[in-house]
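Here is the structure we will look at, set down as structure tokens.
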Ligand SMILES: [Zn+2]
Ligand SMILES: [Zn+2]
Ligand SMILES: [Zn+2]
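Numbering (this note's numbering), first residue to last: 3 to 91.
And the structure:
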């Protein structure tokens, strides 16, 4: 774990939680997901990199939204895609 999180993580002072416990893109496709992540910029909840479709990282690349939070119960951490940064909260 990084001792000094990047500026994106440092700027994330209140964490957006998932509104729905499903990947919006997988639901449209009828696909399965493994874990969920919530974009801290727009609030989209999408699937993780262990999922076949990796919608959260595709979203981060396509939109430039850098930070996601884990949407899994009991997990309290943030991840920054461009900096590969990780922070617990
Ligand atoms: Zn960052
Ligand atoms: Zn998905
Ligand atoms: Zn977003």
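Don't be surprised by glycine CBs; every beta carbon is placed ideally from N, CA and C.
What do you reckon, are the CB atoms on residue 69 and residue 50 nearer than 8 Å? For residue 69 and residue 50, no; Cβs fall outside 8 Å.
Going straight from the alpha carbon of residue 63 to that of residue 57, what length do you get? 10 Å
Helix, strand or coil at residue 71 according to DSSP, with G and I counted as helix: strand
Have a look at residue 79 and residue 26 and give me their C-alpha separation to the nearest angstrom. Roughly 21 Å between the two C-alpha positions.
Taking the CB atoms as reference points, tell me whether residue 34 and residue 28 lie closer together than 8 Å. yes
Using the C-alpha atoms, what's the distance from residue 54 back to residue 71? 19 Å
Nearer than 7 Å: is that true of the beta carbon of residue 80 relative to any heavy atom of ligand 1? no
With distances taken Cα to Cα, identify the nearest neighbour of residue 36 among 48, 43, 42, 30. 48
Return the first residue and the last residue of the beta strand (DSSP E) that residue 39 is part of. From DSSP, the beta strand (DSSP E) with residue 39 extends over 38 to 41.
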